Amino acid sequence: MAHLSDDVRAQLIRLLDRAQERLDTLREVVAEVDGGDAGSEIRLALGDALVPLNIALEVAEPL
């Protein structure tokens with residue numbers, strides 16, 4: 016297991032916190048939507064939730 020510098024660890028924690036917030040928003044969107052726009056709203060919320068996770072992966076991959 017690689018040792019993470021304090022800066023990298025803090026950056027990953029911030030990214031994962033942001034991802035959790037966006038996943039919570041996604042959960043709310045899925046619970047609230049209905050009708051014809053439901054699919055596009057869910058896709059937008061899902062894409063928004065995945066961005067910080069993808070960034071965290073890019074930061075962590077070289078480690």
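Here the sequence shown stands for residues 16 to 78, where the numbers follow my numbering. Note that beta-carbon positions come from the ideal geometry of N, C-alpha and C, so glycine has one too. None of these values were measured; they are calculated from a predicted model.
Start and end residues, alpha helix (DSSP H) containing residue i
i, result
"Asp39", "Asp21 to Glu47"
"Glu56", "Ala53 to Ala75"
Distance between residue j and residue i (C-alpha atoms, nearest Å)
i, j, result
"Asp63", "Ile28", "18 Å"
"Ala34", "Arg58", "16 Å"
"Ile70", "Leu30", "7 Å"
"Ala25", "Asp32", "10 Å"
Integer-rounded CB distance, given that residue j should sit under 8 Å from residue i
i, j, result
"Glu56", "Val74", "Not confirmed; about 29 Å, so no contact."
"Ala60", "Leu72", "With a Cβ gap of about 19 Å, Ala60 and Leu72 do not count as contacting."
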